[in-house]
Every structure is written in C-alpha cells, then in structure tokens.
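Heads up: the sequence shown begins at 68 in this note's numbering, then just goes up one per residue. Note that the Cβ used here is the ideal one computed from N, Cα and C, for glycine as well. Step one of this worksheet: look at the structure below.
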Amino acid sequence: MKILLDSEKEISTINTNLLVVADGANSFCRHILGISWGIKNYCQRAVLANFKSSLSPSIARQWFRRDEVMAFLPTSKNSLSMIWSQRDCDAQRLLTEGDSYLMQELSNFIGTPMLSKIEIDSKMISAPLSMITVDKLVTKRVILLGDSAHTVHPLAGLGLNIGLFDILTLVNEFDKAISKNRKFDAGCKSILSSYLRARLFKTRAIQTLIDTIKVGFSTGGNSAKLLRTRGMNLLDRSDLLKRYIVRFAASIL
C-alpha cells in the first residue's frame, strides 16, 4: 500500500506492506481510514501524581469508595504513582485547588497514618476516562493496536498490558509466518486474520469484564455495599483465590 505524507515542507510517498495504527485513543489515523468506533463516557477523569514514599515498594494498593477508585503503584524503592479516578467535577476541583487540597482529600480517603508516609513530588495531571471499541481491529493491510483499538477503565490496571499483548501477539504471528514462508509479507491476509482470531474475543471480554466491575462498584444501596465489602474481604483472606484471579487475568490477556 502507498501512504502519502503531506507536511508543510514537502509531500512524500511511503510504500509499505502493513500500516500499524497505534496513535492513541484519539487516533487520527483511525479517523482518516474511516474505521468506525464507539465510546462509553464514564464522566470521570483519572488524576495522576507522583509521590516520594516510605511505604513498602513491593505492595500496590487500591481503594474503592462509591464511584471512585484510587491506586498507589510503586515505581521505585522510594516513590509511587497515584491514579485517582473520580467524577469530572471532583477531579477538576483537585486540579484547581492544588496540592494542599489534594493532601486533605487523601487524608479523608486513606487516613492520616498512611498519608504521613508520602510526599507529593510532581504536578497533578488528569485524563478523561472512557471505553473505546472499534468496528475493525484489522482491515486491508492495516492493523490497530493499543489504545487506538481499545481502551478500558483503569480500575484493574490492565490498559497497558492489553496493548503489550497486542504487540506480542502480532510479533508471534510474524514469527510463525517467517518460519513457514521464505517470502515474508507482514500485511498478508493470513497474518491479519490469525491476529484477529487471537485478539478480538480477548479484548472484548476484558472490556466487558472491567466495565461490569466498574458498574458494580458504582451501584449504590446498602445491599450492594455489603456484598462488595464481603466479597473484597473474602478475596483479601484467600491466597488461593488471588492466585486463581492472577492466572485468569494472564490467560485472558
């Protein structure tokens, strides 16, 4: 296929066997290729910030409150990243009010003892949260990978992993094709079809599962809250159940 590149300085043409579209959730390439896509807007934003930390670097932490989810993810021995998913208006207030207001809200969420072990070390930024699905993961000599093909709510921390498994699957399909054929064509129909069979169901299943969990944790009422609390307590006490969930997540990716 031929790709026409039109810049301010010059117009050039690139010949390629395969176009890999991986330019993010707001993919321009997806748009100009006419690939249909849908979006479920969660009306939330993820607020992100880095902290200096004296908490254990081997433990990732996550909290659920009403329709909010917060995670502390260790990035080194003495630092961690915070991802706080909350309503648009609440996220905007955090960004507007600044660090002192953030620490106050964190105290209400995680408690003073843990708060005393962290110190903010960056500016806050935020990103809108939504679930994006596309009509086609592949088309003639074109493949969509990563956020250009799918996005999920960050509550399970799987967004990056899904994209990485997209890449691993495509590379695996290349390896299989190279082992069978002397003349390798990266964009041939058999490779793209095999990739589609390997990834379509899995990405849709993960999106559906995470969306279901998101809805479940957003549901109000005392009965729903009691069920969630007992379920999470059971999970926290069961190493066997934790291992099963890890194996399941690895297999579905």
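Limits of the beta strand (DSSP E) - the one that residue i falls within
i, result
"LYS207", "LYS207 -> no beta strand (DSSP E), and no H or E assigned at all."
"THR179", "From DSSP, THR179 is part of no beta strand (DSSP E) but of the alpha helix (DSSP H) over 179-182."
"PHE251", "From DSSP, PHE251 is part of no beta strand (DSSP E); its letter is neither H nor E."
"ILE106", "104-120"
"LYS69", "69-73"
"SER79", "78-82"
"ILE185", "185-187"
"LEU86", "86-88"
Boundaries of the alpha helix (DSSP H) in which residue i is found, first to last residue
i, result
"ILE273", "256-285"
"ALA244", "226-247"
"ILE99", "95-99"
Bridge-paired residues (DSSP) for residue i
i, result
"VAL219", "Looking at the DSSP assignment, VAL219 forms no beta bridge with any residue, so it has no partner."
Beta carbon of residue i nearer than 8 Å to that of residue j
i, j, result
"ILE321", "LEU169", "It is not possible to answer for residue 321, since the shown part of the chain is limited to 68 through 320."
"VAL87", "ILE210", "yes"
"HIS220", "LYS281", "yes"
"ILE199", "TRP130", "no"
"ASP214", "GLY91", "yes"
"ASP252", "ASN84", "yes"
"PHE118", "MET68", "no"
"LEU222", "SER152", "yes"
"LEU204", "LEU276", "no"
"LYS144", "PRO124", "yes"
"PRO195", "ARG133", "no"
Where residue i falls, given that 16 or more other Cβ within 10 Å makes a residue buried
i, result
"HIS217", "buried"
"TYR311", "exposed"
Every unbroken beta strand (DSSP E) inside the stretch 134-170 [3 residues or more]:
You should have 135-143, 146-154.
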